[in-house]
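Numbering (the numbering used here), first residue to last: 6 to 183. For each residue, glycine too, the CB sits at the ideal point set by N, CA and C. Quantities reported herein were computed from a predicted structural model and do not represent experimental measurements.
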């Protein structure tokens, strides 16, 4: 038997925030998610790649509206829990992806966070006043991904990419070394 036959085959879940992606970026964003998955599937060490655009969202349309939220949670949760690695495209805020990241952390599943500057998704600094009248700057890190997500112990790599080609290249490189 060759060494390749003994390699463990990885299952990957590609997390992405879809609800609040500005509609002028939606097509480009979803095409990038498909491109990530397609390229990950080409790696010898990858057995399967799942993500909502293919493995849960289309199927939700067949469920009664009153049941869709429950199925969305159950199906996406299962995809996270069955993964050996989560790639999280975090250019846009997403409550659902935050839940997925926490599920991955609880299960000890490593995460690669990636994001891109879409000219408008970086949040500006903001000052606030507390009841004691002290003034503070809200701690937002670089303004793309929340500090809480960046601070998760299972985050193995944070990638800021410039375009699709750069993003795919950096993600594949990071996935090879996990």
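By alpha-carbon positions, which one of the options ends up nearest to residue i?
{"i": "residue 18", "options": "148, 61 and 84", "result": "84"}
{"i": "residue 168", "options": "13, 110 and 123", "result": "123"}
{"i": "residue 56", "options": "35, 182 and 140", "result": "35"}
{"i": "residue 95", "options": "141, 153, 87 and 135", "result": "153"}
{"i": "residue 207", "options": "88, 170, 130 and 69", "result": "The structure shown does not extend to residue 207, since the chain is modelled only from 6 through 183, so no value can be given for it."}
{"i": "residue 13", "options": "51, 116, 20 and 162", "result": "51"}
{"i": "residue 162", "options": "144, 145, 26 and 90", "result": "90"}
How long is the line joining the alpha carbons of residue i and residue j, rounded to whole angstroms?
{"i": "residue 24", "j": "residue 99", "result": "7 Å"}
{"i": "residue 183", "j": "residue 165", "result": "18 Å"}
{"i": "residue 151", "j": "residue 49", "result": "33 Å"}
{"i": "residue 111", "j": "residue 119", "result": "20 Å"}
{"i": "residue 108", "j": "residue 134", "result": "34 Å"}
{"i": "residue 69", "j": "residue 101", "result": "20 Å"}
{"i": "residue 46", "j": "residue 158", "result": "26 Å"}
{"i": "residue 180", "j": "residue 140", "result": "42 Å"}
{"i": "residue 62", "j": "residue 81", "result": "9 Å"}
{"i": "residue 6", "j": "residue 115", "result": "For residue 6, the pLDDT reaches just 42, beneath the cut-off of 50, and the residue's location in the model is therefore unreliable, although a value from the coordinates is still provided. Their backbone Cα atoms lie some 29 Å apart in a straight line."}
For the alpha helix (DSSP H) that residue i lies in, which residues bound it at each end?
{"i": "residue 39", "result": "28 to 46"}
Just to confirm the assignment, what range does the beta strand (DSSP E) spanning residue i have?
{"i": "residue 51", "result": "51 to 56"}
{"i": "residue 19", "result": "15 to 21"}
Q) Does the count of Cβ pairs from the stretch 30 to 50 and the stretch 62 to 80 closer than 8 Å reach three? A) No contact exists between the stretch 30 to 50 and the stretch 62 to 80.
(Q) List, from N- to C-terminal side, the alpha helix (DSSP H) runs of 4 residues or more that fit wholly inside the stretch 59 to 120. (A) Qualifying alpha helix (DSSP H) stretches, in chain order: 62 to 65, 70 to 86 and 100 to 112.
**Q.** Complete runs of the beta strand (DSSP E) confined to the stretch 118 to 174 [at least 3 residues]
**A.** The stretch 118 to 174 contains, as complete beta strand (DSSP E) runs of 3+ residues, the segments 132 to 134, 140 to 142 and 160 to 166 (chain order).
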